[in-house]
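Accompanying notes for the structure given below.
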Amino acid sequence: MNPLLATVRRDVLLALRRKSEVLTAVFFFVIVTSLFPLGIGPEPVLLKKIAPGILWVAALLATLLGLPRLFAADHLDGTLEQMALSPSPLGLLVAGKILAHWLLCGLPLVLLAPVLGLQFDLDASALGILTLALLLGTPLLSLIGAIGAALTLGVRGGGVLLALLVLPLYIPALIFGAGAVEAHIAGLDVGGHLSLLAAMLVLAAFFAPWATTAALRVALE
Amino acid sequence: MGNHGGLEGGIGVKQSIIHWFKYASPQSFYPLAGRMIPWFWAAAAVFGIAGLWISFFVAPTDAQQGEGYRIIFVHVPASWMSMFIYLVMAFWAGLGLALNTRVSGMMAQALAPTGALMAALSLWTGAFWGKPMWGTWWVWDARLTSELILFFLYLGFMALQAAIDDPRRADKAGAILALVGVVNIPIIYFSVKWWNTLHQGSTINLNKAPSMAQTMLWGMLLMALGFWMYSIAVALTRVRAIILERERHTEWVKHALE
Amino acid sequence: MLKVSGLACSRGERRLFSDVDFSLGTGEWLHVQGANGAGKTSLMRLLVGLSPADAGEIRWRGETAPSTEFRRDLIYLGHHAAVKEDLTPLENLRLATALDGVTLNERSALAALMRLGLRGRENLPVRVLSAGQKRRVLLARLLTRPAVLWVLDEAFNALDVGAVKLLGELIAEHLGNGGMAVLTSHQPLPVPGGKALVL
Chain A
1 MNPLLATVRR DVLLALRRKS EVLTAVFFFV IVTSLFPLGI GPEPVLLKKI APGILWVAAL
61 LATLLGLPRL FAADHLDGTL EQMALSPSPL GLLVAGKILA HWLLCGLPLV LLAPVLGLQF
121 DLDASALGIL TLALLLGTPL LSLIGAIGAA LTLGVRGGGV LLALLVLPLY IPALIFGAGA
181 VEAHIAGLDV GGHLSLLAAM LVLAAFFAPW ATTAALRVAL E
Chain B
1001 MGNHGGLEGG IGVKQSIIHW FKYASPQSFY PLAGRMIPWF WAAAAVFGIA GLWISFFVAP
1061 TDAQQGEGYR IIFVHVPASW MSMFIYLVMA FWAGLGLALN TRVSGMMAQA LAPTGALMAA
1121 LSLWTGAFWG KPMWGTWWVW DARLTSELIL FFLYLGFMAL QAAIDDPRRA DKAGAILALV
1181 GVVNIPIIYF SVKWWNTLHQ GSTINLNKAP SMAQTMLWGM LLMALGFWMY SIAVALTRVR
1241 AIILERERHT EWVKHALE
Chain C
2001 MLKVSGLACS RGERRLFSDV DFSLGTGEWL HVQGANGAGK TSLMRLLVGL SPADAGEIRW
2061 RGETAPSTEF RRDLIYLGHH AAVKEDLTPL ENLRLATALD GVTLNERSAL AALMRLGLRG
2121 RENLPVRVLS AGQKRRVLLA RLLTRPAVLW VLDEAFNALD VGAVKLLGEL IAEHLGNGGM
2181 AVLTSHQPLP VPGGKALVL
């Protein structure tokens, strides 16, 4: 079997044995988005206007929630060490782990977002754009997040530090992701936003596993 | 101990390369930095005084903004330096990763606080400028927002280095982060600018003061040179402290401190 | 085949060892000895390429290690359990080999687990097994992935008398087939011959 797919299979299997970790992030996403109307008030016009921003910020934070565990468990029990010594390139295995992280954390958010968008009175086409933008954006969040997770591996106060490192780097994804939905609601063309998101995704898919691998090797020394 | 850390491989190449690599070892860089520091302080003072003189006494009062505009003589150079220092920091970090030279990592570590200071100074003076001009301390202007994010990147770099005990691992992890940051800064800047033009409202631009006079440009340039020299002087002072701390167990440091 | 020369390592300010030289040919093994904190584990990690050496070099088949070739020929088992508690021994074994790019059919995996005395445990989650049994799950990898060089750090820890004897046999077989091994241990090892390196 291809080592990348084997890693994906392994991580998905592990997550299914311990479902609570996956469900926590999803539940977090749901509850955070539901808190905003309670804090701001139920006015539909205002809620519709801020919906893209809220959903995207919540998706960012929900992704962040699972990141400290991305490599930590494998680091603790020594399987990460075995991966680093495997004849398969570590970058390939790392890419598999990032893909698994997206499948387990990003994809559920993408699937849930349209349902949560209904709470904010978004119409069908806006929900479609929201889903599409998240589909392009959440893998980007997993890719960038993996670099932060590798850099803070085994470091004191890793979780908070991870947020400090990763959140500024998430800003472009947030701007173009939420911007796409806002532009659509305002009746503007969203092609530019989505293609820029896609371009950033390609760039990150190329560089992030490489940077993550370098950071992991440093952490294992 | 205290040798040319990982550079033995470079021996046997051309004489001039060895000559330069000599300063990549903390032991030979320490006295070199010590000799350079007074010169950079002097240059910082000369440029700083000349810049302040132009900005306070020579540059004319702005017709629309009165005397308050003079804060841009600090604000603009500080913004320039904050961006420039990040680039220099990433350069040293990348060099350290590529060549495994210890002083490179120390340089990156020494530059970060100065870069953060410049970013903070830029934000602070931006707020001071904004209050009389726009009646508010903060505007989500593209440049100010990018500067804020740059400030966060500096804080992240310093926090990561501080959290890792082993200095060699801290250097390498910091270097990877700095390089990731350097790839991201243009993307962040571009996206914030795009975001800013899309959301109408604050279209006032801090740095495009109307009809920037020649003398104002000179003032800013001199101030920027002053800041530049100050940054080098401070970074070299800090790198000397880092060298002493990390090499405290070696013979030459014990000898140097006697 | 394996040639190590002038290896040096320091942790923080302390020099653990320097000028470590040895070489191993087919069928030979090295017993690394030393007191606690002498740097046995550090030497193992340097040898397999997990951490960089301060000085010296490691050559494998004439090439500078670590290379992909070297990793293909290497199995390293360290202090860590290196098994997933939530998976069964069978899943652990098959997934670990799959990550290495080798497909392992269920029959061979089961045979390896049988040999290590895990009959009837192959479908239980690893977390319900004892420390010694977890160690056996890891040791099963020695049988499922063909490798020339075994680097085993304190592999005899947590094993009962039967398992110690079994591991000794496995190593002897491996050496007999032209393999090589580097082992650390405090106690004398049930493997005949061998060079010794005292740190």
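Chains as they are written, first to last, in the numbering used here: chain A, 1 to 221; chain B, 1001 to 1258; chain C, 2001 to 2199.
We put the beta carbon where it would ideally sit given N, CA and C, even for glycine.
- Contact between the stretch 62-70 of chain A and the stretch 146-163 of chain A is present, with at least three C-beta pairs closer than 8 Å.
- When Cβ pairs closer than 8 Å are counted between the two stretches, the stretch 1181-1194 of chain B is seen to touch the stretch 164-182 of chain A, the count reaching three or more.
- B:A1078 and B:T1125 do touch by the CB rule: their CB atoms are close to 7 Å apart, below 8 Å.
- Scanning the stretch 2004-2078 of chain C for uninterrupted beta strand (DSSP E) segments of 3 residues or longer gives 2014-2024, 2029-2033, 2055-2060 and 2074-2077, listed from N- to C-terminal end.
- With a threshold of 8 Å between beta carbons, C:V2032 makes no contact with chain A.
- Within the stretch 79-105 of chain A, contact with chain C at the beta-carbon level (separation under 7 Å) is assigned to T79, E81, Q82, M83, A84, L85, S86, P87, S88 and L93.
- If you look at B:T1101, you'll find it isn't in any alpha helix (DSSP H); DSSP assigns it neither H nor E.
- Taking 8 Å as the cut-off, the Cβ atoms of C:G2132 and C:A2158 count as close.
- In terms of Cβ geometry, B:A1050 and B:V1239 do not form a close pair [threshold 8 Å].
- Bounds of the beta strand (DSSP E) holding C:W2150 are L2149 to D2153.
- Contact annotation for A:A211 against chain B: I1176 and V1180 [CB-CB distance below 7 Å, chain order].
- Think of a sphere of 8 Å around the beta carbon of A:E221: the chain C residues whose beta carbon falls inside it are L2050, S2051 and P2052, in chain order.
- Contact of A:T7 with chain C is assigned, a C-beta pair being separated by under 8 Å.
- Boundaries for C:A2181: no alpha helix (DSSP H) harbours it, while the beta strand (DSSP E) harbouring it runs M2180 to T2184, taken from the DSSP string.
- Contact check for A:L122 against A:A51 passes: the beta carbons are separated by less than 8 Å.
- The alpha-carbon of B:G1105 is positioned some 26 Å away from that of C:I2058.
- Spatial neighbours of B:L1153 in its own chain (CB-CB distance under 6 Å, excluding positions within 5 residues in sequence) are listed in chain order as G1181.
- Within the stretch 1059-1134 of chain B, there are no complete beta strand (DSSP E) runs of at least 3 residues.
- Minimum Cα-Cα distance from B:W1053 among the listed residues B:G1226, B:W1195, B:V1253 and B:E1258 corresponds to B:G1226.
- If you check the CB distance, A:L161 and B:A1173 do not come in under 8 Å.
- Within the stretch 2070-2096 of chain C, the residues whose Cβ lies closer than 8 Å to some Cβ of chain A are R2071, R2072, L2074, Y2076, G2078, H2079, H2080, A2081, A2082, V2083, K2084, E2085, D2086, L2087, E2091, L2095 and A2096, listed in chain order.
- Contacts between A:L151 and chain C, judged by CB atoms closer than 9 Å, are missing: the closest CB pair is about 18 Å apart.
- Nearest to C:R2014 by C-alpha distance, out of B:H1255, B:V1253, B:E1258 and B:H1249, is B:H1249.
- Leaving aside the five residues that flank B:W1218 on each side, the residues in its chain whose CB is nearer than 7 Å to its CB run, in chain order, I1054.
- Cβ contact annotation for C:E2122 (same chain, cutoff 7 Å, sequence separation greater than five): T2088, P2089, L2090, L2110 and L2113, in chain order.
- By the Cβ rule, the stretch 2164-2171 of chain C does not count as touching the stretch 2003-2013 of chain C, because fewer than three pairs are nearer than 8 Å.
- The residue from B:W1195, B:Q1064 and B:L1179 with its alpha-carbon nearest to that of A:F176 is B:W1195.
- B:A1112 and C:G2062 have their C-alpha atoms some 43 Å from each other.
- Identification of chain B residues near A:P172 by a Cβ-Cβ cut-off of 7 Å yields I1187, I1188 and S1191, ordered along the chain.
- C:L2099 reaches chain A at P3, A6, T7, R10, Q82, M83, S86, S88 and L93, counting residues in chain order whose Cβ is nearer than 8 Å.
- Closest by C-alpha distance to C:L2139, out of C:P2125, C:E2169, C:V2128 and C:G2120, is C:E2169.
- Restricting attention to A:A205, A:C105, A:L220 and A:L130, the CA atom closest to the CA of A:H193 is found in A:L130.
- Counting along the chain, C:A2196 sits inside the beta strand (DSSP E) bounded by residues K2195 to V2198.
- Taking a contact to require three or more Cβ pairs closer than 8 Å, the stretch 2021-2039 of chain C and the stretch 2185-2194 of chain C qualify as touching.
- Within 10 angstroms of the beta-carbon of B:L1087 lie fewer than 16 other beta-carbons, which makes it exposed.
- Residue-level contact check: A:L70 does not touch chain C, since none of the beta carbons of chain C fall below 8 Å from its beta carbon.
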